[in-house]
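Visitor:
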Amino acid sequence: MNGQKISATSPTSTVRRLAAIAALSLVVVACGSSAKTTESSAPATDGTTATTDTAAPASTPDTTPVTEVSKADALYPNGIRDVRYCEIAVLKKVAADFVLDVWNTMGFSECPQADWDAIKAPEAAAAQGGLAAIKNGPRFWTIDRVTTDLVKTADTTTFGVLEMFKGTSINFGPAMPAQTPYLIREIPRDTVFSFEAGSRVYEVTDDAGHTYAMQSYAQIIDPTQTIDKLENLGSVLKLPVGWTFESKVLDAPLDVPTTNGIAYVIQDELQNTYQRIGG
């Protein structure tokens with residue numbers, strides 16, 4: 001992809017590549033992350049080492065919230081578990097760098113399907129002056145609550161009839177990162193994802209013994225995926241050698257904080273997203 005010209009009318013292979021970038025963007029955006037990402041290798045399913053990428057930092061990181069606190073409390077008084085949201089990721093070229101602006105429906109609506117279907121990616125890109133736009137969603141939280149030091153204002157816009165706020169702008173530098181399942185990414189952010197006692201959690205454990213709790217699931221690859229199906233993912237996922245999947249109901253509350261401002265995050269091949277427990 002390096003050096004390749006991208007447009008809103010790019011061929012299918014380029015659109016798929018941009019979809020991968022949009023999927024990565026969700027990992028970065030969730031709950032007020034900064035615009036810098038680092039990726040480290042994880043074993044592939046055949047035991048080989050996955051390709052790694054390091055993104056260039058943005059000159060001015062844009063750290064903004066998933067949603068304004070007061071608005072979230074009003075909309076989701078019982079927490080955000082299985083709350084639906086969508087994103088539009090708009091790719092731009094700024095000088096020599098690729099920059100991804102990510103817009104999110106959280107705090108405004110739960111992204112009704114008819115309104116989501118009505119949004120056309122080329123029109124969204126053109127409206128934002130972008131090279132291309134990718135519809136990233138729908139997605140659903142598997143956590144009960146999130147705690148973060150949120151900035152309470154963010155730019156807003158409307159795609160079709162869906163109002164969204166700008167979650168972040170990610171500067172990838174002149175090269176684009178690879179989208180590889182089970183690649184461990186270090187995401188700078190300060191958040192605590194919380195699960196209540198009695199909630200079911202979905203965990204992946206890597207070959208080094210680190211456990212990752214699912215923070216959100218997607219209906220991007222599998223539109224039929226629901227929260228009720230997640231406990232059976234162990235028979236669906238093609239995990240790397242030495243990795244395992246487990247689903248269980250919590251006897252006590254579980255908090256998953258970042259470690260010194262870093263979240264260690266992976267995605268599976270269905271673009272479900274997990275964060276490491278315990279750093």
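Numbering-wise, the sequence shown is residues 1 to 279 according to the UniProt record's numbering.
Where is the CB? At the ideal position from N, CA and C, for every residue including glycine.
Tell me the rounded alpha-carbon separation between residue 197 and residue 249.
Guide: 8 Å
Visitor: So, is residue 224 buried or exposed, given that buried needs 16 or more other C-beta atoms within 10 angstroms?
Guide: Residue environment: residue 224 is assigned as exposed (fewer than 16 neighbouring CB atoms within 10 Å of its CB, all protein chains considered).
Visitor: Mind checking which residues open and close the beta strand (DSSP E) that includes residue 269?
Guide: Element bounds for residue 269: n/a, residue is neither H nor E.
Visitor: Going by alpha carbons, who is nearest to residue 114 out of 162, 101, 83, 146?
Guide: 162
Visitor: With DSSP as the reference, label residue 257 as helix, strand or coil.
Guide: strand
Visitor: Going by C-alpha distance, which of 111, 118, 131 is nearest residue 137?
Guide: 111
Visitor: How is residue 231 classed by DSSP in three states: helix, strand or coil?
Guide: helix
Visitor: Is the separation between the beta-carbon of residue 266 and that of residue 189 shorter than 9 Å?
Guide: no
Visitor: Closest to residue 135 by C-alpha separation, out of 143, 141, 121, 218, would be which residue?
Guide: 121
Visitor: Taking the alpha helix (DSSP H) that residue 121 falls in, what are its first and last residues?
Guide: 121-127
Visitor: For residue 90 versus residue 124, is the C-beta spacing smaller than 9 Å?
Guide: Yes; because the gap between Cβ atoms is below 9 Å, this pair is in contact.
Visitor: Per DSSP, which one or two residues make a beta bridge with residue 226?
Guide: Looking at the DSSP assignment, residue 226 forms no beta bridge with any residue, so it has no partner.
Visitor: Quick check: what's the CA-CA separation for residue 139 versus residue 215?
Guide: 10 Å
Visitor: Tell me which residue opens and which closes the alpha helix (DSSP H) that residue 116 is part of.
Guide: 113-117
Visitor: Which of the three DSSP states is assigned to residue 98 in this structure?
Guide: strand
Visitor: Would you say residue 144 and residue 80 are within 9 Å of each other, going by their C-beta atoms?
Guide: yes
Visitor: Can we say the stretch 234-254 touches the stretch 165-174, given the rule of at least three CB pairs closer than 8 Å?
Guide: No: the two stretches stay apart, fewer than three of their Cβ pairs being nearer than 8 Å.
Visitor: Does residue 43 come out as helix, strand or coil in the three-state DSSP assignment?
Guide: In this prediction, residue 43 scores a pLDDT of 44, lower than 50, which makes its location untrustworthy; no coordinate-derived value is stated.
Visitor: Residue 172 to residue 243, Cα distance in whole Å?
Guide: 29 Å
Visitor: Between residue 222 and residue 174, is the Cβ-Cβ spacing less than 9 Å?
Guide: Inclusion of residue 222 and residue 174 in the CB contact set at 9 Å is not warranted, their separation being larger than that value.
Visitor: According to DSSP, residue 164 sits in a beta bridge with which residue or residues?
Guide: 157
Visitor: In angstroms, rounded to a whole number, what distance separates the CA positions of residue 230 and residue 217?
Guide: Taking the straight line from one Cα to the other gives about 8 Å.
Visitor: Hey, quick one: how far does the beta strand (DSSP E) through residue 137 stretch, first residue to last?
Guide: 132-141
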